[in-house]
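The next block holds one structure in the form of structure tokens; read it before the comments.
In the numbering used here, the protein residues as written are 28 to 182.
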């Protein structure tokens, strides 16, 4: 990685791509619970509410943009805290695991309840475990790897 912004961009785009592909593959292709379009519309509904489900391809695109924006915010945050949190420097797998859980906590216990005040309660079941594992392997680990790679080469 040549620069700080390139590192953040690469880690955010990688994490965002892996995360959305995993969600579509698992929930749409394997489990047949929804469609790729509905996944992206539900992301867009964080901003556009119910209009996201009737806006067609435009809302799918907005959902994808919002998804990548969120991934880039988490990549930026990890990049900024990396030099100050010794745990993150010790082991990519441990830091990716911890950061994936952190992302799940932020999204599911802070962001989503603020955006959608009437969410159903969370049950400790297979869908919950799958959602945590997706964030660990598709957000936490890629961001940890790319960021550590940058800092290792530049410090």
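Here a beta-carbon is modelled for each residue, glycine too, at the ideal position from N, C-alpha and C.
Boundaries (first-last residue) of the alpha helix (DSSP H) holding residue i
i, result
"residue 80", "Element bounds for residue 80: n/a, residue is neither H nor E."
"residue 33", "31 to 50"
"residue 130", "119 to 132"
"residue 170", "168 to 181"
"residue 159", "153 to 162"
"residue 56", "Segment: none, residue 56 is in no alpha helix (DSSP H) and carries neither H nor E."
"residue 110", "Neither: residue 110 is in no alpha helix (DSSP H) and is coded neither H nor E."
"residue 142", "139 to 142"
Proximal residues to residue i (C-beta, below 8 Å), its chain only, five neighbours per side dropped
i, result
"residue 75", "82, 86 and 89"
"residue 161", "46, 49, 50 and 53"
"residue 119", "168, 171, 172 and 175"
Selection from the options that minimises the alpha carbon distance to residue i
i, options, result
"residue 122", "45, 69, 138 and 166", "166"
"residue 175", "160, 116 and 60", "116"
"residue 110", "177, 32, 68 and 41", "177"
Own chain, CB closer than 6 Å to residue i, minus 5 neighbours either side, in chain order
i, result
"residue 163", "124 and 127"
"residue 47", "94"
"residue 77", "none"
"residue 56", "none"
Beta-carbon contacts of residue i that lie in its chain and below 7 Å, excluding the five residues immediately before and after
i, result
"residue 71", "79, 86, 89, 90 and 93"
"residue 139", "146"
"residue 155", "149"
Closer than 9 Å to chain C by CB, residue i
i, result
"residue 76", "The chain labelled as chain C is not found in the depicted structure, where only one protein chain is given."
Near the ligand PLP: residue i beta-carbon under 8 Å from a heavy atom
i, result
"residue 121", "With respect to the ligand PLP, the structure shown offers nothing to examine, as it has no ligands at all."
How about the stretch 87 to 107 and the stretch 160 to 180: do they share at least three Cβ pairs that are nearer than 8 Å? They touch, by the three-pair rule.
Does the stretch 33 to 42 come into contact with the stretch 94 to 101, if we say contact requires no fewer than three beta-carbon pairs (one atom in each stretch) closer than 8 Å? With the cut-off at 8 Å, the stretch 33 to 42 and the stretch 94 to 101 touch.
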